[in-house]
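Inspection log for the structure reproduced underneath, given as structure tokens.
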Amino acid sequence: MSTKITKYRKGDVVLVSFPYTTDDGQTQTKRRPAVLISNDYNNDRLDDVLLVPLTSNTSRAAREPTQVVVKMDSEAGKKGGLRLDSVIDCTVIATIPKTLLVSKIGAFPQEVMERVDQCLMIALSIGRPVGEDLPETEE
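Residues in the sequence shown are numbered consecutively from 2, following the working numbering.
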């Protein structure tokens, strides 16, 4: 009996047992969708992948330079396997063992991943001098 080895690619939307910290400081996991952001070279050779979570809480996303909104009925949402309008939250970057990846549910197209890359650069201040402020957002 052979086991199928899933090959993961940047932009894949996966269901993952995502770790989070409770109010009392304990680490638990919750099954939720996430987007692979690690490069394909590392995805092939390492036991861990880099992910950012998807959330259905879209209320603040339009004002956040570190979040990408994807509508479920858009072409990108359909390709990503979304069941709800979702936000890719680039402020929460996690290194996750592949063993916690439950399944692949879709893959975002290049144009969405280019927006994700831009949001990651803002979240990590890549290409910005230390201490440079981000543009003001409305509250």
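Don't be surprised by glycine CBs; every beta carbon is placed ideally from N, CA and C.
These numbers come from a predicted model, not from an experiment.
Inset, instruction - Compute the beta-carbon to beta-carbon distance between THR22 and THR28, rounded to the nearest angstrom, for a pair I have assumed lies under 8 Å. - result: Indeed they touch by this definition, with Cβ atoms about 6 Å apart.
Legend entry - Reference ILE38; option with closest CA among ARG61, LYS80 and CYS91: Nearest option by C-alpha distance: CYS91.
Inset, instruction - Sort VAL50, LYS72 and PHE109 by Cα distance to ILE97 and report the nearest one. - result: The residue with the shortest Cα to Cα distance from ILE97 is VAL50.
Legend entry - Sequence-distant residues of the same chain with beta carbon closer than 7 Å to LEU52, five excluded per side: Excluding sequence neighbours, LEU52 sits near VAL17, ALA35, VAL36, LEU37, ILE38, ALA95 and ILE97.
Inset, instruction - Output the residue ranges of the alpha helix (DSSP H) runs that lie fully inside the segment 32-97 and measure 4 residues or longer, sorted by chain position. - result: Runs of the alpha helix (DSSP H) inside the segment 32-97: 41-46 and 76-80.
Legend entry - Distance CB(VAL93)-CB(ASN58) smaller than 9 Å: In this structure, VAL93 lies away from ASN58, with their beta-carbon atoms at least 9 Å apart.
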